[in-house]
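Novice: Okay, here's the structure, questions in a sec.
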Amino acid sequence: MKKIIKLSVLLVGLLMPICVSAQMDNLANMSAKWIRANARNAALDGADIVNYNPAGLVKLNDGIYFSLNNQTLFRKPQHSFDLGLGTGEQSFEQDGADFFLPSFYAAFKKNKWAVSSGIYVTGGGASADYPEGSINTTLMGYPFLSTIAPMGYSSFNNQSLKASSYYLAIPLNFSYLVTEKLSFSVGGRYIIANNHTEAGMVFHGTSPDYSMTVDYKNEARGFGGIIGLNYAVSEKLNLAIHYETKVKLEFEAKDNKGTYKDLAPDGAKSDRDLPAVLYTGISYKINEKLTTALDFNYYFQKGADWGKNSSDKEISEIAGDCYHIALGTYYQVLPKLQLSAGAKYIHFGYSNQEQYYTQLGAYEAVKYDNFNIGIGAGYSVTDNVQVDLGIGRTFWTDKSIKAENWPSKPNVDITNKAYVIALGLDIKF
Numbered sequence: 016m017k018k019i020i021k022l023s024v025l026l027v028g029l030l031m032p033i034c035v036s037a038q039m040d041n042l043a044n045m046s047a048k049w050i051r052a053n054a055r056n057a058a059l060d061g062a063d064i065v066n067y068n069p070a071g072l073v074k075l076n077d078g079i080y081f082s083l084n085n086q087t088l089f090r091k092p093q094h095s096f097d098l099g100l101g102t103g104e105q106s107f108e109q110d111g112a113d114f115f116l117p118s119f120y121a122a123f124k125k126n127k128w129a130v131s132s133g134i135y136v137t138g139g140g141a142s143a144d145y146p147e148g149s150i151n152t153t154l155m156g157y158p159f160l161s162t163i164a165p166m167g168y169s170s171f172n173n174q175s176l177k178a179s180s181y182y183l184a185i186p187l188n189f190s191y192l193v194t195e196k197l198s199f200s201v202g203g204r205y206i207i208a209n210n211h212t213e214a215g216m217v218f219h220g221t222s223p224d225y226s227m228t229v230d231y232k233n234e235a236r237g238f239g240g241i242i243g244l245n246y247a248v249s250e251k252l253n254l255a256i257h258y259e260t261k262v263k264l265e266f267e268a269k270d271n272k273g274t275y276k277d278l279a280p281d282g283a284k285s286d287r288d289l290p291a292v293l294y295t296g297i298s299y300k301i302n303e304k305l306t307t308a309l310d311f312n313y314y315f316q317k318g319a320d321w322g323k324n325s326s327d328k329e330i331s332e333i334a335g336d337c338y339h340i341a342l343g344t345y346y347q348v349l350p351k352l353q354l355s356a357g358a359k360y361i362h363f364g365y366s367n368q369e370q371y372y373t374q375l376g377a378y379e380a381v382k383y384d385n386f387n388i389g390i391g392a393g394y395s396v397t398d399n400v401q402v403d404l405g406i407g408r409t410f411w412t413d414k415s416i417k418a419e420n421w422p423s424k425p426n427v428d429i430t431n432k433a434y435v436i437a438l439g440l441d442i443k444f
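Our numbering applies: residue 16 is where the sequence shown begins, and numbers increase by one.
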């Protein structure tokens, strides 16, 4: 009995490996200032430019700078489908919120030099929580059920899927002011990636109930380089660019506590590199109160190793590269109060989106073109302390994607919406 169950689950696992990628690789929302404006690549204020414009740190006044931020995410991805098995349309929805997405930045600037570091979530930062299961747990359940039906099993329920993903980055940058207009930075970042996947269902029939669970962690460590340039064309116009290299990440499964362990045995390895990114930005001071900013980021996903799918095709090639463009405005209403707003559009360049969505986790952590808006304010409590508040909303159009990993290839109808609230505290000594 145990051998048959193991073989059955293994066959299903070969068709649909349990490897939920809950994150959207290379996050952009890594400070409260970004949430309230959406464009920070050419900014010259605040310690969060450790991440957004490291070469611009030398334009700060001499001193020590800290920035502590947290974001709370509210996401509601939902998908519906009909497998044509007489059960009608089924619908599953994300549950819960992500209350803790922190970031911390620190910089020391003296004369022409600056050194900076911090710790922030550069990928992931969210969880896929489906307490009643999802299309992918359903697609695992039916083939398994047909295999064990001769042993007296006729149905399954109590599906569940939960996955979390956090890629922590610890950077170290050195910045230097070459001339009054030109500065550069060199450095690197150490990535600590931690994923946790849990899934399960219960099979019923004339035989005793069988509970199949998967519960394991995936961890990886890696290092990548960072190089940046900042050019102050004038007191009003600033240009900035920086490049983060690909970070090689080989994940290793560990702490397997599921009833079925062979699907991801301790020590099993898989690849999910963090892609290289080019960040560019322009900021222009229209007058003493109003500043605008424009960002363009390009994510070199095709150059990353994300493994292969069941058709032996490179997943990163199927995903393709992507880019985002953002526009932000800052308005100094009062000497101590600044208001801001911004918008961002991100485009995913899939070569075959339906093939990408055969990966477990794709329908649960929706990943396609979207539009984001943010508003907020920064208030200077003192000359050396500022508080930031940002509120954002992300919009997706409703979409229908064929489930190519089911014989009838049914359409899966997807809807999604997301909100974020961010708080930040900047301190200078």
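Where a beta carbon is used, it is the ideal one built from N, C-alpha and C, also for glycine. Since the structure is predicted, the reported quantities are computational estimates derived from the model, not experimental observations.
Tell whether a beta-carbon distance below 8 Å holds between ASP113 and ALA141.
Specialist: Result yes, Cβ atoms of ASP113 and ALA141 sit closer than 8 Å.
Novice: Report the option in ALA47, ASN41, ASP40 whose CA atom is closest to the CA atom of VAL435.
Specialist: Looking at the Cα atoms, ALA47 is the closest of the given residues.
Novice: From the DSSP secondary-structure annotation, give me the bridge partner or partners of ILE442.
Specialist: ILE442 is bridged to PHE81, VAL400.
Novice: Of all the options THR153, SER200, ASN56, PHE123, which has the alpha carbon lying nearest to the alpha carbon of HIS94?
Specialist: Cα-wise, what sits closest to HIS94 is THR153.
Novice: Just tell me which of PHE315, LEU342, TYR345, ILE340 has its CA closest to the CA of SER331.
Specialist: Closest option to SER331, Cα to Cα, is PHE315.
Novice: Would you give the residue range spanned by the beta strand (DSSP E) that PRO526 belongs to?
Specialist: Given a span of 16 to 444 for the chain in the structure shown, any question on residue 526 remains unanswerable.
Novice: Helix, strand or coil for GLN370, going by three-state DSSP, please let me know.
Specialist: DSSP places GLN370 in helix when its eight states are reduced to three.
Novice: Inspect the CB distances between the region 52-68 and the region 377-396 and report whether three or more fall short of 8 Å.
Specialist: The answer is yes - the region 377-396 touches the region 52-68, with three or more Cβ pairs under 8 Å.
Novice: How about ILE301 and LEU254: do their beta carbons lie closer than 8 Å?
Specialist: No, these two residues do not count as a Cβ contact at 8 Å.
Novice: Where does ILE301 sit, in a helix, a strand or coil, going by DSSP?
Specialist: Three-state DSSP puts ILE301 in coil, outside helix and strand.
Novice: Ignore the nearest five residues each way along the sequence and tell me which others in GLY111's own chain have a CB closer than 6 Å to its CB.
Specialist: Once the five neighbours on either side are set aside, the close Cβ partners of GLY111 are ASP144.
Novice: If you follow the alpha helix (DSSP H) that GLY156 is part of, which residue opens it and which one closes it?
Specialist: That run of the alpha helix (DSSP H) goes 150-163.
Novice: Distance check for ALA341 and ALA43, CA to CA, integer angstroms please.
Specialist: Between ALA43 and ALA341, the C-alpha separation is close to 11 Å.
Novice: Rounded to whole angstroms, what's the CA-CA distance from GLU419 to ASP428? Just pull it up for me.
Specialist: Approximately 14 Å, taken between the alpha carbons.
Novice: For my contact list, VAL381 and ASN426 are in at a C-beta cut-off of 8 Å; report their separation, rounded to the angstrom.
Specialist: Actually they do not touch by this definition, with Cβ atoms about 15 Å apart.
Novice: When the Cβ atoms of the region 113-129 are set against those of the region 150-165, are three or more pairs found closer than 8 Å?
Specialist: They do not touch, by the three-pair rule.
Novice: Could you tell me the alpha carbon to alpha carbon distance between TYR371 and LYS317, rounded to whole angstroms?
Specialist: Taking the straight line from one Cα to the other gives about 13 Å.
Novice: Using a Cβ-Cβ cutoff of less than 7 Å, which residues in the same chain neighbour LYS424 once the five nearest sequence positions on both sides are dropped?
Specialist: LYS417, ALA418, listed in sequence order.
Novice: Can you give me the start and stop residues for the alpha helix (DSSP H) that LYS414 sits inside?
Specialist: That residue, LYS414, is in no alpha helix (DSSP H); its beta strand (DSSP E) goes 414-417.
Novice: For SER285 versus GLY322, is the C-beta distance shorter than 8 Å?
Specialist: Cβ distance < 8 Å, so SER285 and GLY322 count as in contact.
Novice: Nearest to MET216 by CA position, among SER170, LYS263, VAL130, is which residue?
Specialist: Per the Cα distances, SER170.
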